[in-house]
Each structure stands twice: as structure tokens, then as C-alpha cells.
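Only one structure is covered here, and it is reproduced in the block below.
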Amino acid sequence: YRAFCEVIDEDFLSNKINDLEAQTTEPGFWDDSKKAQVLMQELNEAKSALEQSQTVKNHWENLDAVLELLSDDDGDVELKKEAFDTLKSLEETLEEWELSQLLSGQYDKLGAVLSIQSGAGGTEAQDWAEMLFRMYTRWAEKKGFSYKVVDSQAGEEAGLKSCTIEIDAVNAFGYLAGEKGAHRLVRQSPFNALGKRQTSFAGVDVMPLLDDMTVEEVEIDDKDLEVTTMRAGGKGGQNVNKVETAVRIVHIPTGVAVRCAQERSQLMNKELGMRILKGKLLAIAQEQRAQEISDIKGDLVTADFGSQIRNYVLHPYKMVKDTRSSHETTDSGGVLDGDIDAFLSSYLKHINMRKD
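Mapped onto my numbering, the consecutive letters of the sequence shown carry residue numbers 21 to 376.
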């Protein structure tokens, strides 16, 4: 807590917010859209930092008040529970702040686009893909992050063949970038009459949610793109399964592909698809340290044996373990309900130690 107080200057943040808000009210502020977007992003980051600081201090003051009351009556069960809950909230907020200090990538402060693709395992794998979808959306909900489903393809019997979600929140890409890779599930199959143990895989890909300015700066030659349209699957809607509104875009040199079917028109899906494709290419470029889009090599997540970044074992015992940071827990139910912060934190610490 002392380290947090030494780093965070609330007066500086308040003055910065007031100054930036004043600039947004000036005539002609939006005439230069690129400059305006940079300023708005800076304003949002300052507000987020100030809100986090105030949350930490509120938790600390509440904890101090409860502990003072307990000093007079240490047998009060309700007060002890309140003290424990407040301490837990303080620890979680400080851990989130510590985690944010590890983010140093060019796009780490941006939102995230997360894609899940079922892998080896048929219906089992498709059910597993849906379980991962729930895990990440529950994580976003617990964080107070807004998200929306960009594309979703239902499985033939159950689950999802694939899905893509946008999580619009500061640092979302930095938090989730390490989730890219194959995720392996071991459990008793609910789709097998004999209840045999089954291993399933799903691939997760993560890319930054680009702002308009960054999208405009990334140039891709039209001849390097293959655009196809199709009917959007799913329930309801005047155009669903009647008009070809869904769009699939392939970057031919790398083979990187995206599919969008969420919007009502083909044009809107194409614009969203290009935004996601550019984000994906930039994320790969950052990993490969490529200077230009033309330097990027193919980057396909392989969801099968030997490639997993994390194992989720539900039978014959319960264990979730990251193969890179070695972080593990027996609370598999909590993890699948979105409690993945410990895994995100351990991976970020792991890669930062490797850099040092």
C-alpha cells in the first residue's frame, strides 16, 4: 500500500483530467480527429488511474475503521467478516494495480479482441470452446469490462465451433495477450454413455482492439486480401440466412483469416473484419518484431496434443496448471467461472523475469 501511495499522485491526476476535459470543450476540438482520439485515450487512462487510487484508499480507510472497532470488541463475528472482506478487496485492487505496472507493450493499454476455436475432440471440443467463452466473459463481467460478441458459430450438437468477442477496456489486451495458445481439458465426457475420460482442445487467439487512428495508419494492399461473403447463421433477424451479410477476410501472404457476422450489413461486417484483421497482424508483428506487415509470417494457433499453454483437469482429480509459468490451482470451478487473474499475473511476471 505504501508503494502504491508513493507512485500515485492524485492531485497531479486531477489537474491532468481537468486540463484534458477543458481541451475537449474547445471549439474545433474534433476537427483533427486523430489528435482528438489521442487526447481522449489519455483522458480515459488518467480517469481510470484516479478511480483505482480512490478505490484503494477507500478500502484502506474502511479496513482501518473496522480494525479500530475490533480493538474494542474482538469477539464480534460480523466485524471480523467485514474486516476479512475489506482486506480481500484491498489485496485484489492492489494486485490489479501491480499487474498494470507490468504492461509495457505498444498495444497493452488497448481493449482486446479474443477468438476461440474448437480443436481436436469433435463435440467435446465444441463444448469446451463454449466453456472457455463463458470463462472469459465471466472474467470481463467481474472486472466491470464491457464486451460484445462479434461472431459466433454454433456446434452441430452442442457448444461452439468458434466465436470472437471484443472486450472494450483499458489494458484488456495487455492482460489477455498471454492467453493466446491451445487450452487442454481433461474430464469425464457428458456426451459418452460410459462416462469415459475425454481430452479436448480449443485454440485462443488475442489481438488489440484498435482505435480509428491506428486502423487508418495500418495499410494493407487490396491485392493481398481475399474477401468472401456468406449468409449469417443463428437465430432471428430479418436478414439472417436470407442475405449474405457475413464476411470472411483472408490476408493471403500470411493466411491469417477473420470472420464477422454480428452486424446487420455486409459493409459494417467488412469494416469490423478489417479492424480485427489489422489488430491481429499488428499483434503478430509485435511478437515477431517485424517492422512491416509484409514481414509477418503465418501465425496459426494449433489446438492439439503437445501445444497447450494450460491444462484444465476435472477428472480423476481437479487441477488447472499453466505450462509456462507453472502456476496451478485445485479450484478448477473458480477458474472456469472467470477467476483467472492469478494466471494472468503469474504469466506477466514470468515473461518480465525472462526479459530481465
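All residues carry an ideal CB built from backbone N, CA and C; glycine is no exception.
Residue j and residue i - do their beta-carbons sit closer together than 7 Å?
i	j	result
Val414	Lys298	Any answer about residue 414 is impossible in this case: the structure gives the chain only from 21 up to 376.
Gln57	Met288	no
Glu186	Val226	no
Ser377	Asn64	Only positions 21 to 376 of the chain appear in this structure, which leaves residue 377 out of reach.
Tyr332	Leu205	yes
Ala149	Phe221	no
Thr349	Ile329	no
Phe165	Ala189	yes
Val169	Ile296	no
Gln286	Asp171	no
Ser73	Ile37	no
Val276	Lys243	no
Leu368	Leu122	yes
Lys338	Ser352	yes
Met434	Gly358	Nothing about residue 434 can be reported from this structure: the residues present for the chain run from 21 to 376 only.
Val76	Phe32	no
Tyr167	Ala160	yes
Leu110	Leu99	no
Val86	Ala103	yes
Gln208	Gly215	yes
Ser345	Ser327	no
Thr249	Glu264	yes
For residue i, which option in the options has the closest C-alpha, if you only look at C-alpha atoms?
i	options	result
Met294	Leu87, Val267 and Ala69	Val267
Gly194	Glu246, Pro228, Val247 and Asp128	Asp128
Asp361	Glu102, Val76 and Glu116	Glu116
Glu30	Lys67, Lys100, Glu81 and Pro47	Lys67
Thr274	Leu292, Ile304 and Thr249	Ile304
Cys280	Glu307, Leu302 and Ala252	Ala252
Asn212	Thr106, Gln306, Gly141 and Leu180	Gly141
Glu291	Glu307, Asp231 and Gln306	Asp231
Glu46	Glu246, Leu59 and Met250	Leu59
Asn372	Val355, Glu246, Ser124 and Glu264	Ser124
Ser179	Asp147, Glu239 and Leu196	A small correction: the amino acid at residue 179 is Gly; Ser does not occupy that position in the sequence shown. Of Asp147, Glu239 and Leu196, the residue nearest in Cα terms is Asp147.
Leu196	Lys181, Leu245 and Gly131	Gly131
Leu40	Val238, His79 and Lys55	Lys55
Gly354	Leu245, Lys162 and Asp241	Lys162
His203	Glu26, Asp52, Val238 and Leu356	Leu356
His79	Lys181, Glu26 and Lys108	Lys108
What distance in whole Å lies between the Cβ atoms of residue j and residue i, which are believed to be in contact at a cut-off of 8 Å?
i	j	result
Val278	Ile269	5 Å
Thr184	Ser138	So it is not a contact: roughly 13 Å between Cβ atoms.
Thr143	Glu177	5 Å
Leu83	Thr106	5 Å
Arg217	His335	6 Å
Pro228	Leu302	6 Å
Gln126	Gln306	6 Å
To test your reading of the DSSP string, which unbroken beta strand (DSSP E) runs of 3 or more residues are found completely within the stretch 179 to 218?
List check, beta strand (DSSP E) in window: 180 to 188 and 201 to 208.
Restricting to runs no shorter than 3 residues, where is the beta strand (DSSP E) found entirely within the stretch 327 to 375?
Secondary structure remark: continuous beta strand (DSSP E) runs of at least 3 residues inside the stretch 327 to 375, in chain order: 328 to 333 and 339 to 342.
Taking only runs of the alpha helix (DSSP H) that begin and end inside the stretch 51 to 135, which ones reach a length of at least 4 residues, in chain order?
DSSP runs (the alpha helix (DSSP H)) wholly in the stretch 51 to 135: 53 to 92 and 97 to 120.
Inside the stretch 219 to 307 only - beta strand (DSSP E) runs reaching at least 3 residues
Unbroken beta strand (DSSP E) runs of no fewer than 3 residues, entirely contained in the stretch 219 to 307, are found at 245 to 250, 266 to 271 and 276 to 280, following chain order.
To test your reading of the DSSP string, which unbroken beta strand (DSSP E) runs of 3 or more residues are found completely within the stretch 138 to 184?
Segments of the beta strand (DSSP E) lying fully in the stretch 138 to 184: 166 to 174.
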